[in-house]
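Protein chains in written order, with the working numbering: chain B, 1 to 229; chain X, 1001 to 1229. All residues carry an ideal CB built from backbone N, CA and C; glycine is no exception.
Protein chains: 2
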Amino acid sequence: MNFSTSEENYIKAIYHLQHSTELVTTNELAAELQTKAASVTDMLKKLKAKKILNYEPYQGFTLSEEGRKVALGIVRKHRLWEYFLVQNLGFGWDEVHEIAEELEHINSPILIEKLDAYLSFPKFDPHGDPIPDINGKMEVTKQINLIDLELNREAEVSAVGSQSTELLELLRHKNIGIGTVLEVIRKFSFDNSIEIRIKNFPPFSISQQLAQTLFVNPVYGSTIVGSIS
Amino acid sequence: MNFSTSEENYIKAIYHLQHSTELVTTNELAAELQTKAASVTDMLKKLKAKKILNYEPYQGFTLSEEGRKVALGIVRKHRLWEYFLVQNLGFGWDEVHEIAEELEHINSPILIEKLDAYLSFPKFDPHGDPIPDINGKMEVTKQINLIDLELNREAEVSAVGSQSTELLELLRHKNIGIGTVLEVIRKFSFDNSIEIRIKNFPPFSISQQLAQTLFVNPVYGSTIVGSIS
DNA sequence: ATTAAAATTTAGACAAATCTAAATATTTTT
DNA sequence: AAAAATATTTAGATTTGTCTAAATTTTAAT
Ligand SMILES: [Mn+2]
Ligand SMILES: [Mn+2]
Ligand SMILES: [Mn+2]
Ligand SMILES: [Mn+2]
């Protein structure tokens, strides 16, 4: 089965929304795609007819098994192209999302397999998100939100929770990227800001909003103040 | 000004048709795009309104100066992507046209400039066609049609006149590609077939139809039987 | 349990791109 | 120069994707 660019954008958006809330609602999807609820309803009917969706009027919806496979295929294309743009063409990680948003709709399975091989089968995109393989399988990372990282525990930034230009611009300014090793020095309850230190740099503080979009992997064996042995 | 995929396909097709006949006609364009004359007329009005076309009803049409620039931009994208697909991803030169037909519509000037640099600014695509630079300038080759090549004059295949799968499949079977050095041994007036020899291989003959789609550059200083000095 | 608010769907309209069939203009043949 | 053939345009319909406004359903509040 083939899908239009518009259908693909809906399918991918539903896939992403399902990660937070199991059952997706019409308004959520309309907000995500910056369109109107009525347009969403129209597309829901269409996708249900194509057996991509489990959907009953007024009851919310989820992707069918088939729909999930389609979504993973689009995510795979998106993230492989992003990897190519950053690693090969020299784009910054904050410049590639819009372009990948177009490239993900190029329809050529053989192209994607050759691209994947050319890139040596990368497992993560420039934002730390896992790239599904041709069967839809991808690495699961046991990453945690920076908010939940214990004090004085070194951790490596593994992913960011949004691709907005504004966020990526801020991260660039603060010299935080995928792979950055940092630790949390203090947490301030007044505004939930936290003070962090990047390895070999002076500490500085970041807002709660920023901390919430950062995901990290604690570095194995790093010093935990007060821990025994 | 921005253009839809459909508008871009029309603009590029008109550009290509103008190479053979200065003034393009509605039916020619309809045949080229495999659509109906009525659809073409609709689009002609639209493109004229956007000042892309010189067009008066019933009188044929040509691209305006602006239209030519737009066309060259699309051709540039198409050929750069083809070059990438063959040189970097390992596609055969007969497999890339359809994919480039999609990729040429990705809208990101910076992407194309970075791709061009990544490929080291190639001057010709895998079919021997010149790649316009960012200003629309491209190398002009003094290539001639194989039909017009004098006997026993070595020449290098520089371009093919069509990207049809059928043609490229036949060329592959006969081991003819861009860069192949060959000479014409005999011409048969019965069916206008010609006998050629690829360097270091036994001679064989090709049909008139095939010879007409091949363009060659005579090799400088090659032996011309019967020529003086 | 009603009422009010919010979410969702339906109805009807619109723009883009296409098509078929009919009308009109141009070119070619007699 | 008229008739026939061909090319092109117009008229009206269709599909896809979108929108606004109205109707309906669900959820939350009194
Ligand atoms: Mn997209
Ligand atoms: Mn990404
Ligand atoms: Mn195209
Ligand atoms: Mn080409």
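Whole-angstrom C-beta distance between A211 (chain B) and L246 (chain B), which should lie under 8 Å: Because residue 246 (chain B) is not part of the residues shown, which for chain B are 1 to 229, the question remains open.
Among X:S1064, X:D1133, X:L1111, X:V1075, the one whose alpha carbon lies nearest that of A1049 (chain X): A1049 (chain X) has its Cα closest to that of X:S1064, out of X:S1064, X:D1133, X:L1111, X:V1075.
Against chain B: residues of the segment 1108 to 1120 of chain X by CB proximity under 9 Å: Of all residues in the segment 1108 to 1120 of chain X, S1108, I1110, L1111, K1114, L1115, A1117, Y1118 have a Cβ within less than 9 Å of some Cβ in chain B.
Own chain, CB closer than 8 Å to A1031 (chain X), minus 5 neighbours either side, in chain order: Same-chain partners within the cutoff: there are none.
Contact under 7 Å by Cβ, S1207 (chain X) with E1195 (chain X): One thing to note: S1207 (chain X) has its Cβ no nearer than 7 Å to the Cβ of E1195 (chain X).
Nearest neighbour of A155 (chain B), chosen from B:D116, B:I198, B:K137 [CA to CA]: Selected option, being the one with the closest Cα: B:I198.
Bridge partner(s) assigned by DSSP for L53 (chain B): Its beta-bridge partners are B:L63.
Test item, CB below 6 Å from any non-hydrogen atom of ligand 1: Those satisfying the condition are, in chain order, B:N9, B:E101, B:E104, B:H105.
Classification of E183 (chain B) by the beta-carbon crowding that lies within 10 angstroms, buried from 16 upward: By the Cβ-count criterion, E183 (chain B) is buried, with 16 or more other Cβ atoms from all chains shown falling within 10 Å of its own Cβ.
D129 (chain B): CB within 6 Å of a non-hydrogen atom of ligand 2: Yes; taking the cut-off as 6 Å, the Cβ of D129 (chain B) has a heavy atom of ligand 2 nearer than that.
Partners in chain B for F1091 (chain X), counting only beta-carbon separations shorter than 9 Å: What F1091 (chain X) touches in chain B: I110, L111, K114.
CB-CB length for W1015 (chain X) against V1075 (chain X), believed under 8 Å: For the record, residue 1015 (chain X) in the displayed sequence is Tyr; it is not Trp. About 7 Å separates the Cβ atoms of Y1015 (chain X) and V1075 (chain X), confirming a contact at the 8 Å cut-off.
Sub-7 Å separation of V160 (chain B) and V216 (chain B) beta-carbons: Contact flag unset, no.
Validate contact between the segment 1056 to 1071 of chain X and the segment 1002 to 1016 of chain X using beta carbons, cut 8 Å, 3 pairs: Segments in contact, yes.
Proximity below 7 Å, CB of L1111 (chain X) to CB of I131 (chain B): Taking 7 Å as the Cβ cut-off, L1111 (chain X) and I131 (chain B) do not qualify as a contacting pair.
Given 8 Å, three or more beta-carbon pairs between the segment 88 to 106 of chain B and the segment 1112 to 1122 of chain X: Cβ pair count under 8 Å is three or more, so yes.
Cβ separation of R1172 (chain X) and D1094 (chain X), assumed to be a contact under 8 Å, to the nearest whole Å: Confirmed, Cβ separation roughly 6 Å.
Cβ-heavy atom distance, E82 (chain B) to ligand 2, below 6 Å: Relative to the non-hydrogen atoms of ligand 2, the Cβ of E82 (chain B) comes within a distance shorter than 6 Å of at least one.
Interface residues of chain B facing E1102 (chain X) [CB-CB closer than 8 Å]: Proximity of chain B to E1102 (chain X) at the Cβ level (cut-off 8 Å) is accounted for by I106, N107, S108, in chain order.
Reduced DSSP category for P130 (chain B) - H, G, I as helix; E, B as strand; rest coil: Residue state, collapsed to three classes: strand.
Minimum Cβ-Cβ distance from I131 (chain B) to chain X less than 7 Å: Taking CB atoms only, I131 (chain B) has no neighbour in chain X less than 7 Å away.
Chain B within 7 Å of I1185 (chain X), Cβ atoms only: Under the 7 Å criterion on CB atoms, I1185 (chain X) is classed as non-interfacial with respect to chain B.
Secondary structure of L149 (chain B), DSSP reduced to three states: The answer is coil: DSSP assigns L149 (chain B) none of H, G, I, E or B.
Buried versus exposed call for T180 (chain B) [16 or more other C-beta atoms within 10 Å across all chains shown]: Buried is the call here.
Min CB distance I206 (chain B) to chain X below 7 Å: No, because no Cβ of chain X sits closer than 7 Å to the Cβ of I206 (chain B).
Members of the segment 56 to 81 of chain B that neighbour chain X once the beta carbon cut-off is set at 7 Å: Only those residues of the segment 56 to 81 of chain B whose C-beta falls short of 7 Å from the nearest C-beta of chain X would be listed, and there are none.
Assigned exposure category for T1026 (chain X) - 16 Cβ within 10 Å defines buried: T1026 (chain X) comes out buried.
CB contact check: I1099 (chain X) to chain B, cutoff 7 Å: So yes, I1099 (chain X) belongs to the interface.
With 16 other Cβ atoms within 10 Å as the buried cut-off, status of R79 (chain B): Classification for R79 (chain B): buried.
Limits of the alpha helix (DSSP H) - the one that E1102 (chain X) falls within: Its alpha helix (DSSP H) spans residues 1097 to 1103.
Environment of Q34 (chain B) [buried if 16+ CB atoms lie within 10 Å]: Under this definition Q34 (chain B) is an exposed residue.
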